[in-house]
Amino acid sequence: MGMMGAACSDPCASAPTPDTGDTVPTDWTPAALSDDIPVASAAPGQLGPHDLAIWRSASGRIAAWADRCPHRGMRLSHGFVRGERLSCIYHGWGYGEGGQCVRIPAHPELTPPEAIRVPVFSVAEASGVIWVAEEAPDGPPPEFPGVVAFRSLQVSAAPEALAAALGGTGTVIETVLGGAQVVALIQPLRGGAAGLHLLAPEGSDPAALDALSAEVEALRRRVEAAEEMTA
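For the sequence shown, the residue numbers in our numbering are 15 to 245.
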């Protein structure tokens with residue numbers, strides 16, 4: 015993108031200055047930052063109406079599955095990772111690559127039927143972001159040279175309102191926030207909320223990141239207050 019320069023130290027920058035707006039149309043949806051799903055862990059996520067279990071195996075492979083065990087409906091995001099397998103916390107049923115059930119602890123001698131399978135979603139990582147899709151997109155998710163994943167937060171406002179406050183439209187916006195030129199990735203969430211996944215300039219010093227964090231919190235308060243007034 016050729017977009018990153020040194021972070022500005024102007025403490026009075028209270029509103030983002032738009033750069034290029036909605037820059038990268040994509041069929042992928044940002045769901046989490048890569049650092050938020052460490053090796054051998056699982057966490058809940060969303061994709062439209064779907065609840066997801068986003069998890070990383072011991073080898074570092076990322077996966078996004080329906081967040082429900084086929085056995086008793088327990089959330090798999092509450093489960094545990096052993097090797098390349100995600101297991102339900104309730105009865106320990108284990109699921110391997112492709113969502114296939116590979117182990118039922120109460121019947122260790124049984125080869126689970128192929129019909130016992132968790133629905134899986136397309137998932138990929140790029141620029142420190144975990145991207146998900148219901149169908150396999152035509153290409154990989156976008157890369158953003160010069161920036162690194164910084165933080166994620168939930169905003170109790172419509173994605174369109176958040177995008178407008180950032181000075182753009184859509185879900186991928188390059189703009190200036192807290193004196194830094196950033197990439198803002200917006201994730202639609204249920205209940206009229208939005209997730210904001212922020213990418214900050216690579217090599218930013220702690221003071222610049224503190225300023226960026228303060229500005230994004232102020233932005234959230236402004237957007238949520240405006241949403242309340244129009245509700």
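Just so you know, even glycine gets a beta-carbon here, dropped at the ideal spot from N, CA and C.
Keep in mind that this is a model prediction, so the values were computed, not measured.
Asked: Local conformation of glutamate 139 per DSSP, three classes; Found: strand
Asked: Rounded separation between alanine 239 and proline 173 - CA only; Found: 14 Å
Asked: Cβ contact check for the stretch 159 to 171 and the stretch 57 to 69: 3 or more pairs under 8 Å; Found: no
Asked: Sequence-distant residues of its chain with Cβ nearer than 6 Å to glycine 108 (five each side left out); Found: Arg99, Ser101, Val116, Arg117
Asked: C-beta atoms of valine 230 and leucine 203 nearer than 8 Å; Found: no
Asked: Cβ-based burial, glutamine 168 [other Cβ within 10 Å; buried from 16]; Found: exposed
Asked: Selection from Ala54, Arg96, Ala208, Ala222 that minimises the alpha carbon distance to valine 196; Found: Ala222
Asked: Enclosing beta strand (DSSP E) for valine 116 [first to last residue]; Found: 115 to 117
Asked: Close Cβ partners of proline 154 (< 7 Å) along its chain, the five nearest in sequence each way excluded; Found: Ala138, Ala140
Asked: Beta-bridge pairing of proline 215 - partner residues as DSSP gives them; Found: Val161
Asked: Exposure label - proline 215; buried when at least 16 CB within 10 Å; Found: buried
Asked: Collapsed DSSP secondary structure at histidine 92 in the structure displayed; Found: helix
Asked: Buried or exposed (CB count within 10 angstroms, at least 16 for buried), proline 133; Found: exposed
Asked: Nearest-angstrom Cα separation, counted from alanine 175 out to alanine 54; Found: 36 Å
Asked: 8 Å Cβ cutoff met for leucine 199 and threonine 185; Found: yes
Asked: Inter-residue Cα distance where the pair is histidine 121 and valine 95; Found: 20 Å
Asked: Distance between beta carbons of valine 146 and serine 136, contact taken as under 8 Å; Found: 7 Å
Asked: Range covered by the alpha helix (DSSP H) that runs through leucine 11; Found: Residue coverage of the chain in this structure runs from 15 to 245, which leaves residue 11 outside it and unanswerable.
Asked: Burial state of arginine 234 (16 or more Cβ within 10 Å); Found: buried
Asked: CB-CB length for leucine 226 against alanine 194, believed under 8 Å; Found: 5 Å
Asked: Integer Cβ distance of leucine 61 from glutamate 149, believed to fall under 8 Å; Found: About 11 Å; that fails the 8 Å criterion.
Asked: Own chain, CB closer than 6 Å to glutamate 128, minus 5 neighbours either side, in chain order; Found: none
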